[in-house]
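Here the structure comes first, spelled out in structure tokens, and everything after it is commentary.
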Amino acid sequence: MKKLLSLVLLFMLFLTFTGTGFAEEMAMVRVLHATPDAPGVDVFVNEELVVENIEFKDASDYLQLPAGSHKVEIYAAGDTTSAIISEQLAVSGGEAYTVSAIGQLESIRLTTMLDEQEVSEGNTKIRVAHFSPDAPAVDIATDTGDILFPNAAFSAVTDYLELPAGEYNLEIRAAGTADVVEELTNLELKEGMIYTAVATGLLNAEPEFDVILLTDATPTPEDMPKTGLGGASDIR
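Per full-length UniProt numbering, the sequence shown starts with residue 1, numbered consecutively.
Below is the structure:
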């Protein structure tokens with residue numbers, strides 16, 4: 001159903017924004033549910049249902065939205081009596097965004113990430129989003145000890161790091177220590193791909209701490225969008 005709604009929205013927007021200015025006037029936006037104690041949710045943009053019953057740790061496909069400001073409302077799935085979140089979202093044409101619901105339900109909020117779409121030949125890119133509300137600040141390091149992303153606290157989104165494509169073994173550590181919170185072994189980062197690794201869940205309760213991998217961009221022919229399809233992969 002989520003994909004069907006996405007396709008319907010894309011078709012409607014295509015009819016409205018055809019012509020040479022289409023790509024310049026449109027933004028790509030997806031939604032990530034990263035609130036561990038929230039139910040499945042429905043997402044409305046400008047009072048239109050665009051994503052239905054998205055569950056914790058799921059990401060929608062990218063949707064195309066006109067550049068400008070849009071009203072985003074999130075409700076418990078099937079219930080439109082009271083919005084869990086109601087915020088304005090500003091987007092620019094030609095850009096891609098991930099809009100995430102983060103925190104626990106009593107303090108839930110939206111945070112917006114700008115998703116890069118270009119990477120050098122032979123390389124990959126990855127960044128980290130710390131969306132686990134009860135986890136400490138963390139370092140992300142290789143298993144050989146090199147720290148790639150230092151001292152990322154809750155709600156932080158690191159810059160992208162461009163690396164040679166290949167297989168990596170990474171460790172999430174409590175910042176400034178050698179205490180490993182999570183190991184990410186045999187993580188294959190493919191050439192031309194751009195990723196966001198999202199730390200979510202709860203370190204000291206359920207649902208448990210986890211890391212999911214979002215695909216932000218994939219190699220495509222020159223005349224097609226490069227953004228990924230938006231799905232989340234579990235990489236624990």
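Backbone N, C-alpha and C fix where the C-beta goes; we use that ideal spot for every residue, glycine too.
Could you please give the first and the last residue of the uninterrupted beta strand (DSSP E) stretch that includes residue i?
| i | result |
| --- | --- |
| L114 | 109-115 |
| L187 | 180-189 |
| A152 | 147-152 |
| A59 | From DSSP, A59 is part of no beta strand (DSSP E); its letter is neither H nor E. |
| P164 | 161-164 |
| M26 | 26-33 |
| V119 | Element bounds for V119: n/a, residue is neither H nor E. |
| L89 | 85-91 |
| E73 | 68-76 |
Tell me whether the beta-carbon of residue i lies closer than 8 Å to the beta-carbon of residue j.
| i | j | result |
| --- | --- | --- |
| F154 | A174 | no |
| L105 | T218 | no |
| A197 | I147 | no |
| T177 | Y195 | no |
On a Cα-Cα basis, can you pick out the residue from the options that is closest to residue i?
| i | options | result |
| --- | --- | --- |
| V51 | T215, A129, P164, V99 | V99 |
| E171 | T200, L203, V138, E25 | V138 |
| D143 | G93, D179, L65, V198 | D179 |
| P133 | G40, T215, N204, A27 | N204 |
| G201 | V181, I194, G192, N53 | V181 |
| A156 | G103, V41, E25 | G103 |
| G94 | A67, A152, D61, N151 | A67 |
| V91 | T111, G78, E162 | T111 |
| T81 | E47, K57, F56 | E47 |
| F131 | A152, L163, G122 | A152 |
| E162 | A141, D61, M193 | M193 |
| E87 | I140, V45, N186 | V45 |
Report back the beta-carbon spacing between residue i and residue j to the nearest angstrom; my notes put them in contact at under 8 Å.
| i | j | result |
| --- | --- | --- |
| A59 | V31 | 7 Å |
| E116 | Y160 | 5 Å |
| I84 | V43 | About 10 Å; that fails the 8 Å criterion. |
| L189 | V211 | Incorrect: roughly 14 Å between the Cβ atoms, too far for contact. |
| I108 | A199 | Incorrect: roughly 17 Å between the Cβ atoms, too far for contact. |
| L65 | M113 | Actually they do not touch by this definition, with Cβ atoms about 15 Å apart. |
| H33 | I54 | 5 Å |
| V128 | F149 | 5 Å |
| T124 | E208 | 28 Å between Cβ atoms; not a contact. |
| V29 | L63 | 5 Å |
| L89 | V72 | 5 Å |
Should residue i be flagged as near chain D, meaning a C-beta pair shorter than 8 Å?
| i | result |
| --- | --- |
| L105 | Judged by its chain identifiers, the structure shown contains no chain D, having just a single protein chain. |
Quiz item: Is the region 88-98 touching the region 165-172 in the sense that three or more CB pairs, one from each, lie closer than 8 Å?
Solution: Result no; under three Cβ-Cβ pairs closer than 8 Å.
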